[in-house]
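Inspection log for the structure reproduced underneath, given as structure tokens.
Protein chains: 2
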Amino acid sequence: MGKRKNSYDNILNAAEAVVLKVGAAHMTLDSVARKAGVSKGGLLYNFSTKEILLKAMVSRLIRCFEEERIKKIAKMKEEPAREIKAHILSMLARNCRTDRSASALLAAIAYNPKLVEPIRKDGLKFMAEITTPGLGFERKAIILLAAMGLHLQEVLQVSCLNEKQRKGVITELLRLSEG
Amino acid sequence: MGKRKNSYDNILNAAEAVVLKVGAAHMTLDSVARKAGVSKGGLLYNFSTKEILLKAMVSRLIRCFEEERIKKIAKMKEEPAREIKAHILSMLARNCRTDRSASALLAAIAYNPKLVEPIRKDGLKFMAEITTPGLGFERKAIILLAAMGLHLQEVLQVSCLNEKQRKGVITELLRLSEG
DNA sequence: GACAGTGTACCAACCAGACGGTATAATATG
DNA sequence: CATATTATACCGTCTGGTTGGTACACTGTC
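Quick note, the sequences are listed as chains H and Y, same order.
Under our numbering, the first residue of the first sequence is numbered 59, with each subsequent residue one higher.
Under our numbering, the first residue of the second sequence is numbered 59, with each subsequent residue one higher.
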């Protein structure tokens, strides 16, 4: 595993940037290679097909989300309902992951709808893992769906909340999480 | 307006079918024409560019949703909070519009993110129009976001509720709508 | 009612460039 | 040197779009 290269992540970053800039349909191997500053040969050495590149984008997205969630849970020692709160905050954090989520999801589903299956599996896992004492299943689901809805609206660029409203909604979601 | 036989809607239907089947990235003019049973020339007679075809998909989606919403509101005479309820039910109805929504949205955003702007505008309009006496803005927004979240999860094929859970969530959303 | 003219709806053939992918040569590193 | 990594040049196919043309309904004129 002599990982001397940093082209790998570099290329993934470039792919995300390209998708955000020109749309998933125009994410071509050439454009990604150009953006990453490597030749197409270099790209194809790291990701031997376009589909493999897309899969890598999706799994990096999942990994990033997971890491952030864990970190957030650890920070909230003893707080009530910290699992679901960390989930909400990770999903709606305004960091590189927003863009990452957008581009990976859009590129994957545009190219081959099957590629998003790992994300669905991940969602299933959370739905089962997150326990919310004092909250029925429906209430829990609604809170998670609202957070997901806001996130996906932003991913698809159809969000219709301003910054203040967004903050208010997040605060309310956290309050509701406590039951 | 002597409408001789016209392939217009036929082509839009074909475009939706193609997107659902092979992914937005593989929705080509050729494949749409083939599916619609017309030549590419015939397609380009009706939609002179691919972007115009995508725009037509988006605006038909908006029109369909609006029609259904209006119909549902009319049916619910006197019921409390019928506006928001009709909105929720229209969004989550399992009919041709689910697929329509999926394909139009995915194809549009893949090709050119700007094409979804009309959908955002539409969302803004609803957020302003829908009044829910006895419900603060945040609560209203959360209900609408949860419905939207479920819908978008289904559009993106990352939904993780089974049929029974889905029904329970919708029922709870309607209950919450009454304040 | 014959007939030229007009507009609508469509088609087949084609094109230049872009596409994913291959083959292989060049270079760097251990 | 051996291996890992990157670059160059190319290939066959596909892409969005253009062109020139066909079929036919309709309209006005004589």
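All C-beta atoms, glycine included, are put in the ideal place defined by N, C-alpha and C.
To the nearest whole angstrom, what separates the beta carbons of residue 165 of chain Y and residue 77 of chain Y, a pair I think is in contact under 8 Å? Here the question's residue 165 of chain Y lines up with position 107 in the second sequence. Here the question's residue 77 of chain Y lines up with position 19 in the second sequence. Rounded, the Cβ-Cβ distance is 5 Å, consistent with contact.
Go to residue 122 of chain H, then tell me how far its alpha helix (DSSP H) extends in each direction, as first and last residue. Numbered from 1 along the first sequence, position 64 holds the residue referred to as residue 122 of chain H. Where residue 122 of chain H is concerned, the enclosing alpha helix (DSSP H) stretches over 108-133.
Examine chain Y for any beta-carbon lying closer than 7 Å to the beta-carbon of residue 230 of chain H, and answer yes or no. Within the first sequence, numbered from 1, the residue matching residue 230 of chain H stands at position 172. For residue 230 of chain H, the answer is yes, since a Cβ of chain Y falls inside 7 Å of its Cβ.
Do residue 130 of chain H and residue 106 of chain H have their beta-carbon atoms positioned less than 7 Å apart in this structure? Translated into positions along the first sequence, residue 106 of chain H becomes position 48. Translated into positions along the first sequence, residue 130 of chain H becomes position 72. Contact: no.
Mind listing the chain H neighbours of residue 66 of chain Y? Cutoff is C-beta to C-beta under 9 Å, in chain order. As a first step, residue 66 of chain Y must be located in the second sequence, where it is residue number 8. Per Cβ cutoff of 9 Å: no residues; residue 66 of chain Y is ~23 Å from chain H at best.
Does any CB atom of chain Y fall closer than 7 Å to the CB of residue 167 of chain H? Counting from one through the first sequence, the residue named residue 167 of chain H turns up at place 109. Taking Cβ atoms only, chain Y reaches closer than 7 Å to residue 167 of chain H, which makes this a yes.
So, does the CB of residue 90 of chain H fall closer than 7 Å to a CB anywhere in chain Y? Counting from 1 along the first sequence, the entry for residue 90 of chain H is found at position 32. Interface flag for residue 90 of chain H against chain Y is unset, since no Cβ pair is found closer than 7 Å.
Taking only the alpha-carbon atoms, compute the straight-line gap between residue 198 of chain Y and residue 215 of chain Y and give it to the nearest angstrom. For this step, residue 198 of chain Y is matched to residue 140 along the second sequence. For this step, residue 215 of chain Y is matched to residue 157 along the second sequence. Cα to Cα, residue 198 of chain Y sits roughly 26 Å from residue 215 of chain Y.
In the structure shown, what three-state DSSP assignment does residue 62 of chain Y receive? As a first step, residue 62 of chain Y is located in the second sequence; it is residue number 4 there, counting from the start. At residue 62 of chain Y, the pLDDT of 39 sits below 50, so the modelled position is not reliable and the matter cannot be decided from this model.
Can a CB atom of chain H be found closer than 7 Å to the CB of residue 42 of chain Y? As displayed, chain Y neither begins before 59 nor continues past 237, which places residue 42 of chain Y out of reach and without an answer.
Taking a cut of 9 Å between CB atoms, which residues from the region 197-212 of chain H lie near chain Y? For the region 197-212 of chain H, which is checked against every Cβ of chain Y, the residues closer than 9 Å are 197, 199, 200, 201, 202, 203, 204, 205, 206, 207, 208, 209, 210, 211.
For residue 169 of chain Y and residue 219 of chain Y, which I take to be in contact (beta-carbon distance under 8 Å), what is that distance rounded to the nearest angstrom? If you number the second sequence from 1, residue 169 of chain Y lands on position 111. If you number the second sequence from 1, residue 219 of chain Y lands on position 161. Contact flag wrong, Cβ pair sits at about 30 Å.
Using a Cβ distance threshold of 8 Å, determine whether the region 141-158 of chain Y contacts the region 186-206 of chain Y, with at least three qualifying pairs required. yes
Leaving out the 5 sequence neighbours to the left and right, which residues in its chain are closer than 7 Å to residue 123 of chain H when beta-carbon positions are compared? As a first step, residue 123 of chain H is located in the first sequence; it is residue number 65 there, counting from the start. For residue 123 of chain H, where only same-chain residues beyond five positions count, the Cβ hits under 7 Å are 148, 155.
Chain-order list of residues whose beta-carbon lies under 7 Å from that of residue 120 of chain H (same chain, five-residue window excluded): Here residue 120 of chain H refers to the residue found at position 62 of the first sequence. Excluding residues within five positions, the ones whose Cβ falls inside 7 Å are 176, 177, 180.
Could you list which residues in chain Y have their beta carbon closer than 9 Å to that of residue 181 of chain H, in chain order? One-based indexing of the first sequence puts residue 181 of chain H at position 123. 211, 216, 217, 218, listed in chain order.
Helix, strand or coil for residue 71 of chain H per DSSP? Residue mapping note: residue 71 of chain H aligns to position 13 of the first sequence, counting from 1. Residue 71 of chain H: helix per DSSP, three-state reduction.
Quick test of your reading: residue 64 of chain Y and residue 94 of chain Y, contact by CB under 8 Å. State the CB separation rounded to the nearest angstrom. Here the question's residue 64 of chain Y lines up with position 6 in the second sequence. Here the question's residue 94 of chain Y lines up with position 36 in the second sequence. With a Cβ gap of about 12 Å, residue 64 of chain Y and residue 94 of chain Y do not count as contacting.
Within a Cβ cutoff of 7 Å, which residues of the same chain sit near residue 150 of chain Y, ignoring the five residues on either side of it in sequence? Looking up residue 150 of chain Y in the second sequence gives position 92. Result list for residue 150 of chain Y: 205, 208, 209, 228, in chain order.
Per-residue DSSP class, three states only, for residue 77 of chain H: The sequence position of residue 77 of chain H within the first sequence is 19, counting from 1. It is helical.
Tell me whether residue 91 of chain H is buried or exposed, calling it buried when 16 or more other Cβ atoms sit within 10 Å of its Cβ. Taking the first sequence and counting its residues from 1, the one referred to as residue 91 of chain H is at position 33. By the neighbour-count rule (16 or more Cβ atoms within 10 Å), residue 91 of chain H is buried.
Using a Cβ cut-off of 9 Å, which residues of the region 99-129 of chain Y contact any Cβ in chain H, in chain order? none
Beta carbon of residue 226 of chain H nearer than 7 Å to that of residue 196 of chain Y: The residue given as residue 226 of chain H occupies position 168 in the first sequence. The residue given as residue 196 of chain Y occupies position 138 in the second sequence. In contact: residue 226 of chain H and residue 196 of chain Y (Cβ atoms closer than 7 Å).
If I'm right that residue 182 of chain Y touches residue 115 of chain Y with Cβ under 8 Å, what's the distance once you round it to whole angstroms? Indexing the second sequence from 1 puts residue 182 of chain Y at position 124. Indexing the second sequence from 1 puts residue 115 of chain Y at position 57. The pair is not a contact, with the Cβ atoms about 21 Å apart (cut-off 8 Å).
Using a Cβ-Cβ distance cut-off of 7 Å, determine whether residue 151 of chain H contacts chain Y. Residue numbering aside, residue 151 of chain H sits at position 93 when the first sequence is read from its first letter. No, residue 151 of chain H lies away from the interface with chain Y (no Cβ there is under 7 Å from its Cβ).
Counting only beta-carbon atoms, is residue 171 of chain Y nearer than 7 Å to chain H? Residue numbering aside, residue 171 of chain Y sits at position 113 when the second sequence is read from its first letter. At a cut-off of 7 Å between beta carbons, residue 171 of chain Y contacts chain H.
Test item: CB-CB of residue 159 of chain H and residue 213 of chain H under 7 Å: Within the first sequence, the letter at position 101 stands for residue 159 of chain H. Within the first sequence, the letter at position 155 stands for residue 213 of chain H. Closer than 7 Å, so yes.
Span of the alpha helix (DSSP H) holding residue 138 of chain H? The residue labelled residue 138 of chain H in the question sits at position 80 within the first sequence. Here residue 138 of chain H belongs to no alpha helix (DSSP H), and DSSP marks it neither H nor E.
DSSP state of residue 171 of chain Y mapped onto helix, strand, coil: By 1-based counting over the second sequence, the position of residue 171 of chain Y is 113. The answer is helix: DSSP assigns residue 171 of chain Y an H, G or I state.
Give a yes or no on whether 7 Å exceeds the smallest Cβ distance from residue 81 of chain H to chain Y. The residue given as residue 81 of chain H occupies position 23 in the first sequence. So, interface residue.
For residue 190 of chain H, count neighbouring C-beta atoms within 10 Å of its own C-beta (all shown protein chains included) and say buried if the count is 16 or more, exposed if not. For the purposes of this step, residue 190 of chain H is identified with residue 132 of the first sequence, where counting begins at 1. Label assigned to residue 190 of chain H: buried.
Taking residue 209 of chain Y as part of the alpha helix (DSSP H), name the residues at either end of that continuous run. In the second sequence, the residue the question calls residue 209 of chain Y occupies position 151. Unbroken alpha helix (DSSP H) run through residue 209 of chain Y: 195-213.
CB of residue 74 of chain H within 7 Å of CB of residue 217 of chain H, strictly: Position 16 of the first sequence, counting from 1, holds the residue named residue 74 of chain H. Position 159 of the first sequence, counting from 1, holds the residue named residue 217 of chain H. Going by C-beta atoms, residue 74 of chain H is not nearer than 7 Å to residue 217 of chain H.
With a threshold of 7 Å between beta carbons, is residue 227 of chain Y in contact with chain H? Numbered from its first residue, the second sequence carries residue 227 of chain Y at position 169. Chain H contact via Cβ: present.
Quick check: what's the CA-CA separation for residue 211 of chain H versus residue 224 of chain H? Mapped onto the first sequence, residue 211 of chain H falls at position 153. Mapped onto the first sequence, residue 224 of chain H falls at position 166. Rounded to whole angstroms, residue 211 of chain H to residue 224 of chain H spans 12 Å at the Cα level.
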